[in-house]
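Here's the structure we're looking at; comments come further down.
Residue numbers (our numbering): 303 to 917.
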């Protein structure tokens, strides 16, 4: 037996947890991000102070940001590793809820350890305690329940072992993973207990690769072999499951084009003959044209978000779906034939079951022709110049600077849509855009997580001015932790994406521009702000200057912010020729509203339920 406090036991336990897949072990909890206050300083703070070698501690500047960092770390680690996050009680804890929602939506493991009120209640109500007349057992940490895949409150030391084991099980289960919350009352954290030594032993969580059920495999193979115009939609599960090589083999063996979701982008590198690029509302015209013609859609590790399906308008009414996913919840979407299995194993088995079958040469040639047309449009967009700089040209310059080893990180605004269409990925792991929750403020914090998980790669964070103003302070974390990022700060004086969307629904860009009440510009210097937070700052004004700045930033040893101005009214990326469902007012006071409503109703008529049996 070993006598430790509850907090000390948590830290020692987490330091001993590992994952294993394909014979390779990875530390499950790579470290702990935290901000201390009452509720965790005397417990986890004290425990971490004496265990930094076993569980490295990283000081963050914002609680939401630290969860974004953990989620990005998990994604860059293909969900085999993550970070823990600890906060004080009260606002420190609730600040993490947005990050928790993003992690769960994106199926990414993060471990949250918020401080909680006194379990003994003798000092209640304590500072920052939410009092509820219905129960004394409610605290603000109950808000984590709907956004967590597992939630527990440790009111007694005896409860800790079962809670820790359950937490690790969920974090390491590809079908269940997401945010895991263990609420730790501040008095319980400091309570000593005699723990069984085996709790702290080296423990390996084996990540399974389940193979598809044989009858389901036979049904899927029959459906696919009947197809003349199949299309693969590769989602994030393709990359997390390290199934990209098997995807390539399947596509090449059977001649099936591959389209990519936001999370799946890079599943095939740009330039592969069967890579047709992004699909959906922010997709390429090549992928979307093939989607409209496809008779069978093979979904691999995708959750079919509304952007992927263009709000269910992109696929033919009679299209059939065969979906490979580790969770039946996602595999069943769009009335698909379900292959509940690991992506790599399922693709290998499916390829064998489809032996001798392939698409006609004319179909492959059509896919290549459509992709060539799109590539020419991207070349044009990348080649633009002007003052202020076109956003597509900025993306093109960053794409070139990233090269084979770079990773682009982005999240919210107009850039994720343009990046999905335009970015030419070098392969898996080169593209990291959070678009499940589309959370403003994710970018710099997420870039930290990517760089921590993959320090050998150059990380290029692309962030708009609106998102930067929500969470710029993690530049300080980058500097204090010695983490080098290249941050491209794109200033278009407001919310460009929502501005265009607002205009399209008749809302006339209300509240989307950063302007003074009198209509003049605000006296705000974002570049100077970045410099004040510790970053080196460059201010290119032309494409040639931007390219030089990117070269300088790549070779720098510390974080560099490259500040560029773009035109908020410009929409210089080629159209995806797809739709996204955003309701428009049925009545209004302007002709623009009625025109927008008429367009909306026309698009609504093209939505499909996709309820047909899969076979």
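Don't be surprised by glycine CBs; every beta carbon is placed ideally from N, CA and C.
- Task: Assess, as a yes-or-no matter, whether the region 763 to 771 is touched by the region 339 to 356 under the definition of 3 or more beta carbon pairs within less than 8 Å.
- Result: Flag = no, the region 339 to 356 and the region 763 to 771 do not touch.
- Query: Does the separation of the CB atoms of residue 477 and residue 628 fall below 9 Å?
  - Reply: Cβ distance < 9 Å, so residue 477 and residue 628 count as in contact.
- Message: Does the contact criterion of 3 or more C-beta pairs under 8 Å hold for the region 305 to 325 versus the region 359 to 375?
- Response: They do not touch, by the three-pair rule.
- Coarse secondary structure for residue 835, derived from DSSP in three states: Note: residue 835 maps to coil in three-state DSSP.
- 6 Å Cβ shell around residue 576 - same chain, five flanking residues per side excluded: Around residue 576: 553, 559 and 560.
- Counted within 10 angstroms of its Cβ, other Cβ atoms place residue 431 as buried (16 or more) or exposed: So residue 431 ends up on the buried side.
- Task: Compute the beta-carbon to beta-carbon distance between residue 396 and residue 450, rounded to the nearest angstrom, for a pair I have assumed lies under 8 Å.
- Result: At roughly 13 Å, the Cβ-Cβ gap does not stay under 8 Å, so residue 396 and residue 450 are not in contact.
- Item | Proximity of residue 494 and residue 305 at Cβ, strictly below 9 Å | Yes, they are a contact pair.
- Task: Have a look at residue 631 and residue 314 and give me their C-alpha separation to the nearest angstrom.
- Result: About 35 Å.
- Where do the ends of the alpha helix (DSSP H) carrying residue 676 lie? First-last of the alpha helix (DSSP H) with residue 676: 663 to 684.
- Message: Quick check on DSSP: helix, strand or coil for residue 700?
- Response: Here residue 700 sits in helix by DSSP.
- Task: Taking the CB atoms as reference points, tell me whether residue 518 and residue 598 lie closer together than 9 Å.
- Result: No, they are not a contact pair.
- Item | Boundaries (first-last residue) of the alpha helix (DSSP H) holding residue 748 | Run containing residue 748: 744 to 755, per the alpha helix (DSSP H) assignment.
- What whole-angstrom Cβ distance do residue 498 and residue 368 have, given they're in contact under 8 Å? No, residue 498 and residue 368 are not in contact; Cβ-Cβ is about 31 Å, not under 8 Å.
- Can you give me the start and stop residues for the beta strand (DSSP E) that residue 331 sits inside? For residue 331, the enclosing beta strand (DSSP E) begins and ends at 331 to 336.
- Opposing strand residues paired with residue 430 [DSSP bridges]: Partner residues in a beta bridge of residue 430, as assigned by DSSP, do not exist.
- Distance CB(residue 698)-CB(residue 714) smaller than 9 Å: For residue 698 and residue 714, no; Cβs fall outside 9 Å.
- Query: Where in the region 614 to 660 do unbroken runs of the beta strand (DSSP E), each at least 3 residues long, occur, reported from the N-terminal end onward?
  - Reply: For secondary structure counted as the beta strand (DSSP E) over 3 or more consecutive residues, the region 614 to 660 holds these complete runs in sequence order: 622 to 627 and 639 to 642.
- Message: Helix, strand or coil for residue 398? Go by DSSP, reduced to three states.
- Response: In this structure, residue 398 counts as coil in the three-state DSSP scheme.
- So, is residue 381 buried or exposed, given that buried needs 16 or more other C-beta atoms within 10 angstroms? Around the beta carbon of residue 381, 16 or more other beta carbons sit within 10 angstroms, so the residue counts as buried.
- If you count every other CB in all the chains shown that lies within 10 Å of the CB of residue 429, and 16 or more means buried, which is it? The residue in question, residue 429, is exposed, as its Cβ has fewer than 16 Cβ neighbours within 10 Å.
- Message: Does residue 417 come out as helix, strand or coil in the three-state DSSP assignment?
- Response: Strand, per DSSP.
- Message: Please list the terminal residues of the continuous alpha helix (DSSP H) segment that includes residue 516.
- Response: Following the DSSP letters along the chain, one finds residue 516 inside the alpha helix (DSSP H) bounded by residues 516 to 527.
- Message: Going by C-alpha to C-alpha distance, which of 745, 888 and 788 sits closest to residue 774?
- Response: With distances taken between Cα atoms, residue 774 lies closest to 745.
- Query: Can the beta-carbon of residue 417 be found closer than 9 Å to that of residue 486?
  - Reply: For residue 417 and residue 486, yes; Cβs fall inside 9 Å.
- Task: Can you grab the Cα-Cα spacing for the pair residue 515 / residue 479, in whole Å?
- Result: Whole-angstrom Cα-Cα distance: 22 Å.
- Quick one: using the 10 Å Cβ neighbour count with 16 as the cut-off for buried, is residue 892 buried or exposed? Counting every other CB atom within 10 Å of its CB across the protein chains shown gives residue 892 a total below 16, marking it as exposed.
- Under the three-state reduction of DSSP, which class applies to residue 609: helix, strand or coil? In this structure, residue 609 counts as coil in the three-state DSSP scheme.
- Message: Please state whether the Cβ-Cβ distance between residue 529 and residue 570 is less than 9 Å.
- Response: Annotated as distal: residue 529 and residue 570, with beta-carbon spacing of 9 Å or more.
- Message: Can you tell me whether residue 525 sits near the ligand NAD, meaning its C-beta is under 8 Å from at least one heavy atom of the ligand?
- Response: Inclusion of the ligand NAD in the displayed structure is not the case, the ligand content being empty and no account of it being possible.
- Query: Just to confirm, are residue 763 and residue 735 a CB contact at a threshold of 9 Å?
  - Reply: No; because the gap between Cβ atoms is not below 9 Å, this pair is not in contact.
- Message: If you follow the beta strand (DSSP E) that residue 773 is in, where does it begin and where does it stop?
- Response: Counting along the chain, no beta strand (DSSP E) covers residue 773, and no H or E run does either.
- Identity of the residue in 784, 718 and 349 nearest residue 565 by Cα: Residue nearest to residue 565 within the set 784, 718 and 349 is 718 (criterion: CA-CA distance).
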